[in-house]
Amino acid sequence: MTFDWKNLPRPIIALSPMADMTDSAFCQTMKEVGFPILFREMVSAEALVRENEKTMEMVEFAEAERPIIQQIFGSDPDTMAAAAKIVEDAVHPEGIDINMGCPVYKITSSFNGAALMKDSALATEIIQKMKAAICCPLSVKIRAGWENPEECIAFAKVVEAAGADLITVHGRTKTQGYAGYSDWSIIKRVKEAVTIPVLANGDIFSPKDAQRALHVTGADGILVARGALGNPWIFPQIAELLETGRITTRPTVREHFELVLRHAKRHMDQYGERGLVTFRKHLSWYTKGMQGAKEIRSSLVRIHTLDELTNLLQPFLQDNKPMELQRLASLQPESYD
Ligand SMILES: Cc1cc2nc3c(=O)[nH]c(=O)nc-3n(C[C@H](O)[C@H](O)[C@H](O)COP(=O)(O)O)c2cc1C
């Protein structure tokens, strides 16, 4: 069946794109325990049209990862359209997403990412040309404006009028970076202003946050980023809470670390054994705030091989107690309760 944002069961639950994090190994691990829609990390349109080998590898995925949405960043409409077509022809993802929200200077200084929110005409041309170049749905991820959150309401209408099929809003402005909190009330206003589906993003760190964000914004779904780092279980837990009002999925320490090892193995398959150096960041998240892990955390961030990792994790692989992680706390104002 053709993938269509309008006809998917609600609420839509998805993994938000994260550069250097949401690669194939990570996404396969998320899919193993849950069933979120996966937004893959942004790739450069310029690099795609040059058929840069590393970039082409970044858009590859395993069949088990579907449905998958590949995000692209860039600012030249023809290049963006050509890049989207290259991705569609090469790997046939369920959708393509445009990054119009990245606040990082390296990206915005060349008029990519959130900078596109300042130029409606250019954003429109990009969306129109990309839409004409591909057959799969095209979505756009934005922030709540550059400086003034009101900006995103008018901009969402521009995105809709240009032909996008879905819009995700991270409720912080570009100038805010990660300060303060994601303004779910502005996402609600975007939802009321457009007819295409809207996904709410920002500060969803627990199943309860997901439930509140859906309630407050009235959005068609949610996108979870940092809350999924080191915690793939958040997706089945969100689905359970929304469906039954209860959460029974509670991994034991053993189950958690068995999953970590499978993720590490996939990471190694993707990047080679030396790739375990880049797996250290995931180990930090997988043990963040975990009782009894303080001693091994310093060793974990120095591992080089899968054997080293397996040996270090041995005590945890015997532990059948429930896994307790101190997660990021929601910064949402109480007025949302
Ligand atoms: C490490 C990291 C990398 C990110 N990379 C991307 C990216 O490639 N594309 C994008 O649209 N957003 C990116 N983001 C933003 C997230 O997708 C998300 O919008 C933001 O973190 C707010 O959601 P959260 O509160 O659930 O983390 C990134 C965030 C983090 C923490």
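When you line the sequence shown up against this note's numbering, it's residues 1 to 337, in that order.
C-beta atoms are modelled at their ideal positions from N, C-alpha and C, and glycine is treated no differently.
These numbers were taken from a predicted model, which means no experiment stands behind them.
- Relative to ligand 1, G145 has its C-beta separated by 7 Å or more from all heavy atoms.
- Membership of M100 in the beta strand (DSSP E) is indicated by the continuous run 95-100.
- Straight through space, the alpha carbons of D97 and I69 are spaced by roughly 6 Å.
- Within its own chain, the residues whose Cβ lies closer than 7 Å to the Cβ of I247, once the five positions on either side in sequence are excluded, are P207, Q237, E240, L241, listed in chain order.
- Around the beta carbon of K106, fewer than 16 other beta carbons lie within 10 angstroms, which makes this residue exposed.
- Sequence-distant Cβ neighbours of K31 in its own chain, meaning closer than 6 Å and more than five residues away, are A64, E65.
- By the C-beta density criterion, H92 is exposed, having fewer than 16 other C-beta atoms within 10 angstroms.
- Relative to the non-hydrogen atoms of ligand 1, the Cβ of S24 never comes closer than 7 Å to any of them.
- Collapsing the DSSP output to three states places Q70 in a strand.
- Between I13 and the set P36, A114, K6, S24, the nearest pair of CA atoms involves P36.
- Of the candidates M100, A81, G145, A228, the residue whose Cα lies closest to the Cα of I187 is G145.
- In the DSSP assignment, R143 is bridged to H170.
- Taking the Cα of L229 as reference, the smallest distance to any Cα among E192, T287, D4 is reached at T287.
- In the structure shown, V43 falls within a strand segment according to DSSP collapsed to helix, strand and coil.
- Within a 10 Å sphere around the beta-carbon of K174 sit 16 or more other beta-carbons, which makes this residue buried.
- Counted as a single uninterrupted DSSP element, the beta strand (DSSP E) harbouring V224 occupies residues 221-224.
- Taking 8 Å as the cut-off, the Cβ atoms of V169 and I126 do not count as close.
- I196 and R50 have their C-alpha atoms some 33 Å from each other.
- Counting the other Cβ atoms within 10 Å of the Cβ of M1 gives fewer than 16, which makes it exposed.
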